[in-house]
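What follows is a set of notes on a single structure, which appears directly below.
Numbering (our numbering), first residue to last: 72 to 132.
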């Protein structure tokens, strides 16, 4: 499974939302959506806990 980096990715996405002026609830929801999309887009490299696919998330604003 490609789950390595979920915590850091979530924290960065949340901080980005807050920095953009979103309310905490909206920033949280958008961070969850981004992490979910990054997990779905994971390239499936190697064995064990591989990297997520943050760079493959498109259409997210």
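All C-beta atoms, glycine included, are put in the ideal place defined by N, C-alpha and C.
Remember, predicted model here, so these are calculated numbers, not experimental data.
Contact check, residue i vs residue j, beta carbons under 7 Å
{"i": "residue 80", "j": "residue 106", "result": "yes"}
{"i": "residue 89", "j": "residue 98", "result": "yes"}
Nonlocal neighbours in the same chain, by C-beta distance under 8 Å from residue i, ignoring five residues either side
{"i": "residue 93", "result": "101"}
{"i": "residue 95", "result": "89"}
Alpha helix (DSSP H) segment containing residue i, residue limits
{"i": "residue 102", "result": "95–111"}
{"i": "residue 84", "result": "77–90"}
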